Amino acid sequence: GDSVTQMEGPVTLSEEAFLTINCTYTATGYPSLFWYVQYPGEGLQLLLKATKADDKGSNKGFEATYRKETTSFHLEKGSVQVSDSAVYFCALSDGWQAGTALIFGKGTTLSVSS
Amino acid sequence: DAGVTQSPTHLIKTRGQHVTLRCSPISGHKSVSWYQQVLGQGPQFIFQYYEKEERGRGNFPDRFSARQFPNYSSELNVNALLLGDSALYLCASSLREDNEQFFGPGTRLTVL
Chain A
653 GDSVTQMEGP VTLSEEAFLT INCTYTATGY PSLFWYVQYP GEGLQLLLKA TKADDKGSNK
713 GFEATYRKET TSFHLEKGSV QVSDSAVYFC ALSDGWQAGT ALIFGKGTTL SVSS
Chain B
12 DAGVTQSPTH LIKTRGQHVT LRCSPISGHK SVSWYQQVLG QGPQFIFQYY EKEERGRGNF
72 PDRFSARQFP NYSSELNVNA LLLGDSALYL CASSLREDNE QFFGPGTRLT VL
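First to last, the sequence lines map onto chains A and B. According to the numbering used here, the first sequence is numbered sequentially starting from 653. According to the numbering used here, the second sequence is numbered sequentially starting from 12.
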């Protein structure tokens with residue numbers, strides 16, 4: 653079945669460092685891909701999405717490009733802030749946008765220090 | 012506008028008991044989905060409901076059931092609780108079954 657694999661954490665960075673969190677997927681169809689963020693004590697928030705190959709999702713300085721040839725959707729940010737400390741989940745869905753079941757990776761904890 | 016709300020926030024039960032978790036979607040949203048998030052793992056899909064009908068079910072035992080009411084709120088029921096059912100249960104709502112899902116803060120269930 654469909655699945656998502658993302659890099660193990662925790663990832664510890666200093667403020668203004670460059671961030672990459674790797675995500676690869678396995679899917680039989682043409683899924684939509686997402687990054688969600690979970691701040692301590694809160695629910696999941698959609699960070700960005702891409703619905704077809706070569707699409708680039710971006711939000712709040714974060715970017716990810718849907719690479720069908722490498723089945724990847726790596727999350728990047730050029731300069732992280734302390735406020736970016738959270739757990740990041742890569743996810744896919746076979747439905748349009750974020751419909752039907754979302755399949756999540758295990759999550760990567762990011763800790764940014766000043 | 013209020014986001015997705017869930018109740019209760021925390022719950023402690025013992026093995027063998029039954030539990031009901033509640034979710035109120037964002038106003039106007041007609042689809043509700045339930046996910047289980049075990050500590051240290053990503054959320055796993057349990058159910059999706061749209062217009063009061065079940066539209067999807069994940070790989071969970073029959074002890075798990077859900078329903079959606081005419082006002083689009085939803086309940087998740089779990090019977091014969093096991094220690095392994097301890098998790099954060101997340102509810103998400105969307106306008107339709109094929110739209111972006113907005114998540115609530117979750118209900119933390121502890122089974123002793």
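Ideal Cβ placement from N, Cα and C applies to all residues, glycine included. Predicted, not measured: the structure shown is a model, and the values here were computed from it.
contact_flag[the region 22-33 of chain B, the region 77-96 of chain B] where n(CB pairs < 8 Å) is 3 or more: Under the Cβ criterion (8 Å, minimum of three pairs), the region 22-33 of chain B counts as touching the region 77-96 of chain B.
For Y718/A and Y682/A, the rounded distance between their alpha carbons: Counting from 1 along the first sequence, the entry for residue 682/A is found at position 30. Counting from 1 along the first sequence, the entry for residue 718/A is found at position 66. Their backbone Cα atoms lie some 11 Å apart in a straight line.
Cβ-Cβ distance between N674/A and Q658/A below 8 Å: For the purposes of this step, residue 674/A is taken as the residue at position 22 of the first sequence. For the purposes of this step, residue 658/A is taken as the residue at position 6 of the first sequence. In contact: N674/A and Q658/A (Cβ atoms closer than 8 Å).
Collapsed DSSP secondary structure at L32/B in the structure displayed: Against the second sequence, residue 32/B aligns to sequence position 21. Looking at L32/B - three-state DSSP - the assignment turns out to be strand.
Three-state class that DSSP yields for S735/A in the structure shown: Against the first sequence, residue 735/A aligns to sequence position 83. DSSP places S735/A in helix when its eight states are reduced to three.
Selection from C102/B, Q52/B, G51/B and Q55/B that minimises the alpha carbon distance to Q79/B: In the second sequence, the residue the question calls residue 79/B occupies position 68. That would be C102/B, whose Cα lies nearest to the Cα of Q79/B.
8 Å Cβ cutoff met for L762/A and D736/A: Here residue 762/A is taken as the residue at index 110 of the first sequence, counted from 1. Here residue 736/A is taken as the residue at index 84 of the first sequence, counted from 1. Contact annotation: L762/A and D736/A have beta-carbon atoms nearer than 8 Å.
Sheet register partners of Y46/B (DSSP bridge): Position 35 of the second sequence, counting from 1, holds the residue named residue 46/B. Here Y46/B is bridged, per DSSP, to F56/B and L101/B.
L87/B at chain A interface by Cβ criterion, 8 Å: To locate residue 87/B, count along the second sequence from 1; it is residue 76. No, L87/B lies away from the interface with chain A (no Cβ there is under 8 Å from its Cβ).
Segments of 3+ residues assigned as beta strand (DSSP E) that fall wholly inside the region 658-695 of chain A: Runs of the beta strand (DSSP E) lying entirely within the region 658-695 of chain A, each at least 3 residues long, are 663-666, 671-673, 675-678 and 684-690 in chain order.
Short CB-CB distance (under 8 Å) between E715/A and chain B: To locate residue 715/A, count along the first sequence from 1; it is residue 63. Cβ-Cβ to chain B under 8 Å: no for E715/A.
Proximal residues to K24/B (C-beta, below 8 Å), its chain only, five neighbours per side dropped: To locate residue 24/B, count along the second sequence from 1; it is residue 13. Within the same chain, K24/B has close Cβ partners V30, L92, L120, T121, V122 and L123.
F741/A and Y688/A closer than 8 Å at C-beta: On the first sequence, position 89 is the one that residue 741/A refers to. On the first sequence, position 36 is the one that residue 688/A refers to. Taking 8 Å as the Cβ cut-off, F741/A and Y688/A qualify as a contacting pair.
Residue burial classification, L94/B (beta-carbon count within 10 angstroms, cutoff 16): In the second sequence, the residue the question calls residue 94/B occupies position 83. It is exposed - the Cβ of L94/B has fewer than 16 other Cβ atoms within 10 Å.
Contact check, V49/B vs A98/B, beta carbons under 8 Å: For the purposes of this step, residue 49/B is taken as the residue at position 38 of the second sequence. For the purposes of this step, residue 98/B is taken as the residue at position 87 of the second sequence. In contact: V49/B and A98/B (Cβ atoms closer than 8 Å).
Exposure of A13/B, with buried meaning 16 or more beta-carbon neighbours within 10 Å: The residue labelled residue 13/B in the question sits at position 2 within the second sequence. Per the 10 Å Cβ criterion, exposed.
Test: L120/B CB closer than 8 Å to a CB of chain A: As a working note, residue 120/B is residue 109 in the second sequence. No, its Cβ sits nowhere closer than 8 Å to a Cβ of chain A.
Proximity of Q17/B and P116/B at Cβ, strictly below 8 Å: Translated into the one-based positions of the second sequence, residue 17/B becomes position 6. Translated into the one-based positions of the second sequence, residue 116/B becomes position 105. Their beta carbons are under 8 Å apart, which means Q17/B touches P116/B by this criterion.
Same chain only: Cβ atoms within 6 Å of E668/A, ignoring 5 sequence neighbours per side: The sequence position of residue 668/A within the first sequence is 16, counting from 1. Only S731 meet the Cβ criterion.
DSSP three-state assignment for G653/A, whether helix, strand or coil: For the purposes of this step, residue 653/A is taken as the residue at position 1 of the first sequence. The answer is coil: DSSP assigns G653/A none of H, G, I, E or B.
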